[in-house]
Every structure is written in C-alpha cells, then in structure tokens.
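For the sequence shown, the residue numbers in my numbering are -12 to 539.
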Amino acid sequence: MKRKHFKTEKLALLIITIIASLLRVIKLDTYPPALYSDEVAQGYNAYSVLTTGLDEYGTWLPVSFRSFGDWKPPLPTYFMVPTIAVFGLNEYGIRISSALFGIGSVLLTYLLTKLLCKDSAVALVAAGILTISPWHIVQSRAAMLVSGELFFLLLALLAFFKGLTVKKWWIVSAVSWALVIYSYYAGRLIVPLILLFLFISFRKQILAAKTRLAVPVIAAFALLLPLGFALLNQPDVLFGRAKTVSVFYDQGVALTVWDLIAQDGNEMLPLMAQFFHNKPYHYVIDIVRRFFQYFDGRFLFLTGDKQLPFQIPNMGILYLVEAPLLLIGIRELVMKHKRIRSLLLFWIAVSVLPAALTFVTPASNRTFTMVVPFSILTALGIMALINKFNKSSISFFLVTALSAGYLFSFSNFFYQYTQVLPKQHADRWHFGYQELYRYLKSEEDQYKVIAISAKTSVPYIFLLYHYQMPPSEAIDAIDRNFVTDEFGFEHVNQVGKYRFPRHFAWEKDGVKLPAHSLLVLTPEEMAGSSAREKKQIYYPNGAIAFRIYEIE
C-alpha cells in the first residue's frame, strides 16, 4: 500500500513539474512581449563578462553590476553567462535561467512543505498552487532578479531543517544563504532576520552542534568576503539605489512636520507639538501603512501591482478563488499547525518589511519571497476542506467546485497574460526598440547624428543589445553622465553617433542637431519646423511608440 502511495505521489510530482516547466519555458521570446530595460542590462553585461570578463564599465568580474547606477546584485547576471553562451544574446539566453529557478522553486516548495507539515498531500497541493500561480509565473518568465532569490531561500531553509538531523546539510544551507544575498537587494535584510529567527527557535539544537558549525560559517564568510571588500569602496553595492526609493529619502517630510507643528503651535506648547509631530513618528506611521498595503485584498486579488511591468491586467497577484482558501488556511495554521505557525507568519512579515521601507508600494517583485508561504497556507485551506467533507455527500461537489474555480481563474490569467497584456499594454515592457534599432541600423550610414529621446526608458542599453556591439568597443564608445537623477539612476549621453537627450526640448536640444541628422521622439514630444517626419514605430494596439524625424 505504501509503495503504491509512493508511486502515486511521485507521478503527481512529475506531472506538476512538467506543467511548471511548460508554463515557464514555452515562448519566452513572446511573453512578456519584449525585453524590459533591466533584462537587457543584465543580458548585455552577462554577454560582456562572457566575451571579455568585464562589465560594461570595464570592471573585471564585479560583485555588483553598476548598470544604470542601481548596482544590480550579481548572481542573476552571472547565471545568464552560460545560457547566453548556449542560446546567444536573445530572449531565451536572458530569461531561461530565471525560468529554471522558477521550476526549481516548485520542486523545493514540495520538499520543504513535506518536511515542515509531514503531509505529502499538502506538499503536492502547495507545489501545484505555485505551479499555476500568476505571481510566480510572471516573475519566473522575466529576468527581474527575484526568481533566483526565492530559489536559494527555499534551498537554504530546506537544507537548514535537514541539517537539524544530518549536520552536513548546514554547509548547503550556509552557501545558499550567501547566494540569496547575492541575488536580490531584499535578501540582504531578509537573510539576517530569518537566521536570527531560526537561531532563537532552534538554539538548543544549534548550540548542541556548535562544533559542526565551523565549516558552514567559514564557507558563508568566504563567499561574502568579496561583497564586504566591494562595500568598503562603494557603499551603494549593498542596497543599490535604496536610498532614493526609501521612505526616508522623502525631502518633504521635514516640511510636513514643521507645518503640523506650526498649525498646533497656537493650541499647545511648542514642546508638546514637537512630541506629537516629528520625523521618527511620521516614518513609523508611513512604514506601518505601507506594510499593511501588502495585505489589502485589492492588491492581492483584484488590481495587483502598482509597478506596471509586473501588473497583470484586470486581476490581482493571486486568484480570487484563493481568498476564502487563504483565510481557511490561516485558521488551520493557527489552530492545528503550531509547529510551523511562527515560521510561516514570520516569513510573510519579513518578506514585506524591505518593501514597506520604499515609497513604491505595493510592489509584487519586492515581496516575491512570500508567494511560497501564501501557497502553503492556501494548500492547508484546501486540504482542510477536503478532509472535513471527505466522507460526506458534498465531497464530490466540493472538489468539482474547487477545480472549476481554479480552471476559470487560470484561463482568465492565461488570456490576460497572452492576449491582453501583449496587445494592449506592450508599452510597459519597452516594446518597439527592436523595430526601431533595426530601422536605424539600416539608415545610420546616411546621417551624422542620431538622437533618441530617453524620456521613457534607457535607450543606450537597447542599442548595445540589438546591435550586439562588442563590449570592448562599447566601453570606449560610451559617454556617461555619472550624476544621479532624482530616482538614483545614472545616464548615458552618447554612444558613437547616437545621442540620448533625457529631457528633450526642441528649443534646447533640437537646434543643436546638425543637418542630415535623425531624431527619435515619443508621441508626446514635439519637433521643430526643420524636422520632417520620416517613419513611425507602432505598438501592437496601433498606438505610436516612436516618431522618427529627419533634420533637413
């Protein structure tokens, strides 16, 4: 009987893995509809490392990629090096590693859930939920840093719990914790907090085996040493442009506080007014407010992400059918799974904390690590319902209703993701640069200067990518502006004959263009009378992406 159950379980896991693979790998060059600027930046830098050992700045094997001045964590880029070597510098070469991490996360979710819950049915359901999760599919199919972070976090947790009985696993755990830190900014706050939680929760077992901790600790320390040295030279490598997206960066806070103090100054003592109106109080209230935005039903089930590239049209990051299941799962966790209750709740809280410290909230990519505990909670809810009505006459209808609900929800997601998003919202993914640069390449020999507005994106990186410019040439050809903008980004002024005005105005920039130049503008930008419109680049919905002018 046990052998038959084992075979059934493995068959179910195989089916889940196949479905997860198909949903994350098929047509990576089509969905999402174009490569986003961050994907292109990682891909070109991986190509540069592959061919020269240097990044686009000429730095040898950096521990943080400066990129647009946001100092991207290195691991996602380095994992693209072998895939670009195999597939080339294209959508598959750039995105396949993220997809593979997504597939691996499904398997690790099954293994971790089974280990924690001691229930293979819950583990299979949790893995199945993650397999068809819109949140997980979207992030796995795009090379946006977070897929690797989740994979190594799951591996670190799985290896830690296995290490409680077989200590050799702690070496795997230690290495994985270090790799989380190299994968995404949020991991640099999440990892120490989870490690502190695990130490407090399992301190007896850990201290009893302290002689076995030397190798794991040394391994993690050795891996993190390059980051430490880089941090001494450039503090921004730790959290990238976090200081400019942080709630603490808001320069209007001081003015708001003083305004409130002035308003209350006539009604209470100045000291009392300062006690009730001060920056620490304001920041705490703002962070708490942003923290709870991530548990707003509208974000989770209805409208989704505020960051447009990650927003699925007309739906949330979770299926609406999962709302009651999630609530039942939380009740089940609190009432019957006390052994893992604190872990899952802390996991969710610590996943949200780094994101709550930024002013762009809610953001599904910054809280991606909580997709797994949400899947586990939903699985607990499903299994609680099935077990409760297992022997009743409504069990068949319950399973049918759940299956129908998920089938409808997934069908809607599939339609929104493959039909609505690429046709109506391709602009969110910087669609149009491929056609633009294909045309400019065919025309460039006829013109002295080609100016491309940098209003909506980072056009220089698309030039390097689409022209597949040899990195050794690009390093010398790029004229950079190292002054950061209000969002913490750095910009490129020029690459060869290509110029990239950031705030284009004809009176300021257009008059500087010589005769026989090309000018590329967004539809909102205006060209002067000496510019003749030559071509238009369109989005799939018929809207204009770029207007190309010839300066006569």
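Even for Gly, the Cβ is constructed at its ideal location relative to N, Cα and C.
In this structure Ile335 is not in contact with Met370, their Cβ atoms being roughly 19 angstroms apart against a cut-off of 8 angstroms.
Taking the Cα positions, Lys495 is about 12 angstroms away from Arg489. In summary, Met513 is exposed, with fewer than 16 beta-carbon neighbours lying within 10 Å of its beta-carbon over all protein chains present.
In this model, Gly215 and Asp223 are separated by some 12 angstroms (Cα to Cα).
With 16 or more other Cβ atoms from the protein chains shown falling within 10 Å of its own Cβ, Ser163 counts as buried. Counting along the chain, Tyr536 sits inside the beta strand (DSSP E) bounded by residues 531 to 538. By the Cβ rule, the segment 217 to 234 counts as touching the segment 49 to 62, because three or more pairs are nearer than 8 angstroms. Contact annotation: Val507 and Phe297 have beta-carbon atoms that are not nearer than 8 angstroms. The C-beta of Ala530 has fewer than 16 other C-beta atoms within 10 Å across all chains shown, which makes the residue exposed.
The Cβ atoms of Val359 and Leu145 lie no closer than 8 angstroms to each other. In the DSSP assignment, Ile158 falls within the alpha helix (DSSP H) that extends over 156 to 168.
Using a Cβ distance threshold of 8 angstroms, Thr365 and Gly316 count as a contacting pair. By the Cβ rule, the segment 383 to 392 does not count as touching the segment 319 to 336, because fewer than three pairs are nearer than 8 angstroms. For Phe383, the three-state secondary structure derived from DSSP is helix. Its chain contains Pro488, Phe491, Val507, Leu508, Thr509, Glu512 as the residues whose beta carbon lies nearer than 7 angstroms to that of Ser440, once the 5 sequence neighbours on both sides are disregarded; these appear in chain order. Under the three-state reduction of DSSP output, Tyr452 falls in the helix class. Considered as a whole, the segment 409 to 442 harbours 420 to 430 as its complete alpha helix (DSSP H) runs of no fewer than 4 residues, in chain order. For Lys521, no alpha helix (DSSP H) segment is defined; the enclosing uninterrupted segment is the beta strand (DSSP E) at 518 to 525. For Trp122, the secondary structure class from DSSP, reduced to helix, strand or coil, is helix. CA-CA distance, Phe278 to Glu319, rounds to 24 angstroms. Around the beta carbon of Asp25, a 10 Å sphere encloses 16 or more other beta carbons of the protein chains shown; the residue is thus reported as buried. Taking 8 angstroms as the cut-off, the Cβ atoms of Ile158 and Val109 do not count as close.
Separation of Val27 and Ser170 (C-alpha to C-alpha, rounded to the nearest whole angstrom) is 17 angstroms. At least 8 angstroms separates the beta-carbon of Leu87 from that of Val68. About 6 angstroms separates the beta carbon of Leu132 from that of Pro60, a gap short enough to meet the 8 angstroms contact definition. With distances taken between CA atoms, Ala130 lies nearest to Asn352 out of Gln403, Trp58, Asn352. Residue environment: Ile5 is assigned as exposed (fewer than 16 neighbouring CB atoms within 10 Å of its CB, all protein chains considered). The beta carbon of Phe469 lies closer than 6 angstroms to those of Glu477 in the same chain, with the five residues before and after it left out. Straight-line measurement puts the Cα of Ser329 at about 17 angstroms from the Cα of Lys191. For His324, there is no enclosing alpha helix (DSSP H), as DSSP gives it neither H nor E. Cβ-Cβ distances below 6 angstroms link Val12 to Ala86 in the same chain, with the five nearest sequence neighbours on each side left out; the list follows chain order.
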